[in-house]
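Visitor: Chains as they are written, first to last, in our numbering: chain A, 1 to 528; chain B, 529 to 718.
#1: So, at 7 Å on beta carbons, what are the nonlocal neighbours of residue 331 (chain A) in its own chain, with the 5 sequence-adjacent residues on each side left out?
#2: Rounded to whole angstroms, what's the CA-CA distance from residue 190 (chain A) to residue 18 (chain A)? Just pull it up for me.
#3: Exposed or buried, which one is residue 246 (chain A) when buried takes at least 16 other CB atoms within 10 Å?
#4: Ends of the alpha helix (DSSP H) at residue 95 (chain A)?
#5: Residue 549 (chain B) touches chain A at which residues, Cβ-Cβ below 8 Å?
#6: Would you mind working out which of A:328, A:427, A:448 sits nearest residue 402 (chain A), comparing C-alpha positions?
#7: Reducing DSSP to helix, strand and coil, say where residue 85 (chain A) ends up.
#8: Exposed or buried, what is residue 421 (chain A) when buried is set at 16 or more other beta-carbons lying within 10 Å of its beta-carbon?
#9: How big is the Cα-Cα spacing for residue 27 (chain A) and residue 48 (chain A)?
#10: In chain order, what residues of the same chain have a beta carbon less than 8 Å from the beta carbon of residue 473 (chain A), not counting five sequence neighbours either side?
#11: Quick check: is the beta carbon of residue 139 (chain A) nearer than 8 Å to any beta carbon in chain B?
#12: Determine whether the Cβ of residue 564 (chain B) lies closer than 8 Å to any Cβ atom of chain A.
#13: Please check the pair residue 254 (chain A) and residue 238 (chain A), which I expect to be a contact at CB under 8 Å, by giving their CB distance rounded to whole angstroms.
#14: So what's residue 718 (chain B) in DSSP terms, helix, strand or just coil?
#15: Just the C-alpha distance for residue 204 (chain A) and residue 217 (chain A), rounded to the nearest angstrom, thanks.
#16: Taking just the CA atoms, how far does residue 80 (chain A) sit from residue 23 (chain A)?
#17: By how many angstroms is the C-alpha of residue 38 (chain A) removed from the C-alpha of residue 468 (chain A)?
#18: Using a C-beta cutoff of 8 Å, does residue 560 (chain B) count as contacting chain A?
#19: Just tell me which of A:92, A:166, A:131 has its CA closest to the CA of residue 61 (chain A).
#20: Figure out for me which residue from A:97, A:140, A:292 has the closest Cα to the Cα of residue 183 (chain A).
#21: For residue 259 (chain A), which residues does DSSP report across the bridge?
#22: Which residue's Cα is closest to the Cα of residue 198 (chain A): A:308, A:277, A:213, A:149?
#23: Going along chain A, which residues have a C-beta under 9 Å from residue 708 (chain B)?
#24: How big is the Cα-Cα spacing for residue 350 (chain A) and residue 368 (chain A)?
#25: Which residue marks the beginning of the alpha helix (DSSP H) containing residue 432 (chain A), and which one marks its end?
#26: Measure from the alpha carbon of residue 108 (chain A) to the alpha carbon of each residue in A:51, A:138, A:172, A:153, then state which is nearest.
#27: Give the DSSP-derived three-state secondary structure of residue 77 (chain A) in the structure shown.
#28: Any beta carbon from chain A within less than 8 Å of residue 545 (chain B)'s own beta carbon?
#29: Need the endpoints of the alpha helix (DSSP H) that residue 9 (chain A) sits in, please.
#30: Helix, strand or coil, according to DSSP, for residue 450 (chain A) in the structure here?
#31: If we call anything under 8 Å between Cβ atoms a contact, is residue 588 (chain B) one with residue 697 (chain B)?
#32: Who are the Cβ neighbours of residue 679 (chain B) in its own chain at under 7 Å, not counting the five residues just before and after it?
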């Protein structure tokens with residue numbers, strides 16, 4: 001395999017490899033965080049060895065916890081959920097499904113992968129510089145992220161590297177988006193109209209369009225934040241700010257402005273994570289029900305409307321940032337409107353199953369799991385979309401539970417389904433079905449065991465991003481719940497080893513797959 | 529590896545998509561400018577008719593002229609007239625370089641005489657942020673067109689390649705047509 005390959009299949013596999021590496025790292029970080037939440041006073045020699053400044057004597061500092069959280073979020077959102085379903089599987093299968101010889105711009109494709117890889121290295125470098133990784137979360141709100149070292153140990157070089165990494169990621173994603181859209185517009189097989197494309201292609205198409213607009217805005221925000229940090233500008237720094245008893249010299253900027261920019265990107269970003277999965281699940285459910293997708297056109301239009309609505313709902317992340325009540329109502333109504341195309345999709349998935357001859361393969365299990373998680377996580381979205389409720393739930397574990405289910409785990413289930421479904425084409429062998437099903441049931445159980453209780457922590461008002469709950473009297477009652485969640489998380493982390501084993505073992509030892517083993521109708525299975 | 533070639537039009541589609549996304553990046557900066565300016569009623573307006581506005585007007589004319597020569601380059605290439613294509617491309621690049629030179633002179637004036645830098649307040653931040661990003665685009669365009677020119681002179685590149693380069697160049701011009709009134713004319717001393 002050539003390293004700087006311009007072949008879409010190789011690049012797809014490179015993206016998938018990058019996402020696999022990232023997901024392992026991101027999961028390990030989350031397990032360390034869960035450990036710390038339950039045993040905040042524990043002295044762990046390993047922590048001291050890894051972070052001498054962040055864990056003196058093995059005792060984790062609040063700053064180290066926040067930096068782990070920042071890196072967990074950033075790695076998972078950008079390098080797993082954005083890369084694997086779109087750039088990974090999309091690169092590999094989009095050209096095959098529309099009958100193109102490759103992506104429209106193969107060299108650009110190679111450059112976008114390597115820019116992504118450089119971006120990941122830049123991010124990881126933040127762990128190793130003085131002060132360590134940044135503390136400001138994947139949202140990087142200023143003033144915390146805009147003032148430099150004075151706001152915390154990771155806010156020096158670590159935060160600079162973080163912004164640089166995200167800027168590189170924006171550039172890479174823009175290149176990829178241009179490639180995907182141009183390929184779909186220009187390189188469809190003769191006679192293939194837009195409404196003849198499989199829904200997977202619709203998922204990638206809409207996702208690429210979202211990327212094209214969303215990452216352009218984040219890039220602008222990132223550049224300005226970097227200027228605030230390095231060139232002394234004050235786009236996002238308000239006047240008269242006192243940090244650590246020192247009055248800051250900047251004036252006139254608006255931190256809320258950054259929140260607007262960030263969420264104008266950030267909300268579409270969560271759809272970037274889930275839309276390719278929606279497209280794939282439609283295909284998998286249809287293949288293993290032995291039926292066409294119910295309401296194909298409505299499904300395609302629903303994808304487009306979810307993508308479009310995604311750009312006008314960002315305000316629901318900012319209900320407590322200070323916003324006119326009239327704006328809140330508008331954002332709330334638009335947010336709840338996303339429920340309509342989402343419901344169209346859900347009911348059409350169920351109708352696709354209805355009356356079909358169901359084959360319960362491992363991929364089918366994950367697809368059904370996806371629908372379940374999509375509903376569970378989506379329902380709480382309707383709760384959080386209402387300003388009156390959000391004011392209470394904002395920044396509690398209720399939100400954490402909501403978004404992990406819908407954009408995290410649901411998208412991951414789509415990725416598992418994709419691996420099981422397409423593995424025969426990628427490696428000529430099957431992933432082990434029995435192991436796949438065992439992994440499915442254990443993961444499904446683990447996911448609900450971790451995230452359902454967190455909703456209840458949210459009811460109590462348990463704030464997120466707090467490194468140590470025992471300082472607060474009112475959180476005493478939720479500690480047993482957190483102990484349960486942490487152990488469920490260990491279990492969930494451990495059972496992922498089954499998948500990793502299956503993935504690497506089956507590449508060499510899996511059962512040999514015949515051509516088109518699932519009797520699928522889409523082009524990638526044709527041998528021409 | 530890729531024996532099959534793309535049909536014509538793919539490159540221009542790609543460039544259109546880039547232009548769309550870059551348009552949003554610039555739009556974001558201008559929206560930020562608008563928001564900050566509305567929030568600060570005492571927004572500084574330091575420009576005098578001479579030299580600042582005169583300078584900016586000359587820069588605008590230079591950039592517009594370079595768009596015209598770019599149109600001629602595209603037209604010449606469409607007729608496979610490589611000699612004239614090279615000539616007009618060189619004229620376009622010269623326009624771009626002249627624009628940058630004038631712009632840097634003006635920046636220098638602003639920093640040294642008016643004591644306005646990126647860190648002296650929001651006006652400086654917006655001014656240097658917006659015009660800096662634009663100047664970077666012009667510089668990249670000059671490099672891009674130079675590569676095209678060298679290729680055309682050696683018999684490489686098709687009419688579509690030149691058209692694609694033209695798209696980029698016109699886009700960078702168009703952005704300036706927003707920057708000139710919003711950043712310069714609206715900051716003239718009352």
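No residue lacks a Cβ here, since even glycine has one placed at the ideal position from N, Cα and C.
Guide: So, to answer that:
#1: Result list for residue 331 (chain A): 313, 315, 316, in chain order.
#2: Taking the CA atoms as reference points, residue 190 (chain A) sits about 34 Å from residue 18 (chain A).
#3: Exposed.
#4: Start and end: 89-98.
#5: Going along chain A in sequence order, the residues near residue 549 (chain B) (Cβ under 8 Å) are 174, 177, 178, 212, 213, 215, 216.
#6: Measuring from the Cα of residue 402 (chain A), the nearest candidate turns out to be A:448.
#7: Annotated three-state conformation of residue 85 (chain A) is helix, per DSSP.
#8: Counting the other CB atoms within 10 Å of its CB gives residue 421 (chain A) a total of 16 or more, which places it among the buried residues.
#9: The C-alpha of residue 27 (chain A) lies about 20 Å from the C-alpha of residue 48 (chain A).
#10: Cβ neighbours of residue 473 (chain A) beyond the five flanking positions: none.
#11: Answer no: the Cβ-Cβ gap between residue 139 (chain A) and chain B never drops below 8 Å.
#12: Residue-level contact by beta carbon holds for residue 564 (chain B) and chain A, with a gap shorter than 8 Å.
#13: Right, their Cβ atoms sit about 7 Å apart.
#14: Here residue 718 (chain B) sits in coil by DSSP.
#15: If you draw a straight line from the Cα of residue 204 (chain A) to the Cα of residue 217 (chain A), it is about 20 Å long.
#16: Cα to Cα, the separation comes out at about 6 Å.
#17: Separation of residue 468 (chain A) and residue 38 (chain A) (C-alpha to C-alpha, rounded to the nearest whole angstrom) is 8 Å.
#18: With 8 Å as the cut-off, residue 560 (chain B) counts as an interface residue toward chain A.
#19: Looking at the Cα atoms, A:131 is the closest of the given residues.
#20: For the residues A:97, A:140, A:292, the minimum Cα distance to residue 183 (chain A) belongs to A:97.
#21: None; residue 259 (chain A) has no bridge partner.
#22: Closest by alpha carbon: A:277.
#23: Going along chain A, no residue has its Cβ under 9 Å from residue 708 (chain B), so there is no contact; the nearest lies around 20 Å.
#24: Cα to Cα, residue 350 (chain A) sits roughly 10 Å from residue 368 (chain A).
#25: For residue 432 (chain A), there is no enclosing alpha helix (DSSP H), as DSSP marks it with neither H nor E.
#26: Taking only the C-alpha atoms, the option nearest residue 108 (chain A) is A:172.
#27: It is helical.
#28: So, interface residue.
#29: Counting along the chain, the alpha helix (DSSP H) containing residue 9 (chain A) begins and ends at 8-38.
#30: Secondary structure of residue 450 (chain A) (DSSP, three-state): helix.
#31: No. Outside cutoff.
#32: Once the five neighbours on either side are set aside, the close Cβ partners of residue 679 (chain B) are 685.
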